[in-house]
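Structure first, commentary second.
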Amino acid sequence: MSVSQNLPSLAIGYSVPRLLKMLAAGLPLTLLCAAVAFNWFHAKTLSEFQIAACSLGVVLFGFVTCRTLWRLVSTRQPVLFITRVGIRDTRIADDTISWRSVRDISAWQYRSQVIVVLKLDPLVADRFDAGLLKRIVSLMNKAVGAEGVLINPGGLTIDGETLLETCKQYWNAGRLAYTAHPKTEPEPAH
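Oh and the sequence shown: position 115 is 796 in the numbering used here, straight run, nothing missing.
Structure follows, in C-alpha cells:
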C-alpha cells in the first residue's frame, strides 16, 4: 500500500466561532462608519473627505458583514475538499484541481494570515481566469506578489499553516502515485 492510499479525503467547512468573531468585528465597524457618514451625532466639524471615507467604509464593512452573516446562516456544507486526486475549493470553482497540474505550492502572508498559493500549469490556470471579475482579481493578486490560485483559510476550520502542510503532503503523495510506476522495459531477445 502506497503513502497516497493511506491519506483520507478531507472535507473542510466554515468555523462558526471564527465567523462569529468576523461578524463581531464587522458589525460595529459598519455602524461606526454609518454614524459618521450619515452624521447621526450631528457633528459640525465633519469634512467631505471624512464623509466620503466613512461612506466607503459602510459599503466595504457592510458587504463583508452581510457576506459573513450569510455564510454563518446558510452554509453548513464543506467548501474545501482535499483528496489524493486533487483539491477543490467551491468558493473558487466547482472543478477539482489535479495534483498533477500543480507545479508548486507556497504560502503568501498578509499581516498574520497565511494564504496557500497553488502555481498551476498555464493551460489549467486559464480555466480559473475565465471571466472579467476573476481576471481583475488575478491581476490584483499578481500586483501584490501572489501569483496563482489562492486558497484562503479565513473563516474555515483549518488555519493557514496547517492547510499549507496538508496541501504539500497530499501534493507530494499525489505526485508519487503517478511517478511510482516503473517503466516497463522490453525483454532482450535470445
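Virtual Cβ for every residue (Gly too), placed ideally from N, Cα, C.
Residue i to residue j span [Cα, whole Å]
| i | j | result |
| --- | --- | --- |
| GLY738 | THR764 | 39 Å |
| GLY767 | GLY835 | 20 Å |
| LEU799 | GLY829 | 5 Å |
| TRP751 | VAL740 | 16 Å |
| LYS823 | ARG808 | 17 Å |
C-beta neighbour in chain C for residue i, strict 8 Å
| i | result |
| --- | --- |
| PHE742 | Among the chains in the structure shown there is no chain C, since it carries only a single protein chain. |
Residue i vs residue j beta-carbon contact at 8 Å
| i | j | result |
| --- | --- | --- |
| ALA788 | LEU831 | no |
| LEU801 | VAL783 | yes |
| CYS664 | ALA718 | As shown, the chain starts at 682 and ends at 871. That puts residue 664 outside it, with no answer to give. |
| THR838 | SER696 | yes |
| TRP780 | GLY841 | no |
| THR746 | LEU704 | yes |
Close beta carbons around residue i, own chain, < 7 Å, minus the five adjacent residues each side
| i | result |
| --- | --- |
| PHE742 | GLY707, LEU710, THR711 and CYS714 |
| TYR851 | LEU688, ILE763, ARG765 and TRP780 |
| GLN794 | GLY835 and GLY841 |
| ARG699 | GLY836 |
Selection from the options that minimises the alpha carbon distance to residue i
| i | options | result |
| --- | --- | --- |
| ASP770 | VAL740, CYS848, ARG781 and ARG856 | CYS848 |
| ILE786 | LYS702, ASN853 and ALA705 | ASN853 |
| ALA806 | THR749, TRP751, ILE773 and GLN794 | ILE773 |
| TYR791 | PRO803, ASN833, TRP751 and ARG699 | ASN833 |
Near the ligand NAP: residue i beta-carbon under 7 Å from a heavy atom
| i | result |
| --- | --- |
| TRP789 | Ligands displayed in this structure: none; no statement on the ligand NAP is therefore possible. |
Sequence-distant residues of the same chain with beta carbon closer than 8 Å to residue i, five excluded per side
| i | result |
| --- | --- |
| LEU727 | VAL717 and ASN720 |
| THR777 | PHE762, THR764, VAL766, GLY767, ILE768 and ARG769 |
| ASP775 | ARG769 |
| LEU701 | LEU753 |
| ILE732 | VAL717, ALA718 and ASN720 |
| ALA827 | TRP789, ILE796 and VAL798 |
Chain-order list of residues whose beta-carbon lies under 6 Å from that of residue i (same chain, five-residue window excluded)
| i | result |
| --- | --- |
| MET682 | Here MET682 scores only 42 on pLDDT, less than 50, and its place in the model is too uncertain to base an answer on. |
| ALA692 | PRO759 and PHE762 |
| MET821 | none |
| THR843 | none |
Residue environment, residue i, which counts as buried when at least 16 other CB atoms sit within 10 Å
| i | result |
| --- | --- |
| LEU796 | The amino acid at residue 796 is misidentified as Leu; the sequence shows Ile. The residue is buried, with at least 16 neighbouring Cβ atoms inside 10 Å. |
| THR749 | buried |
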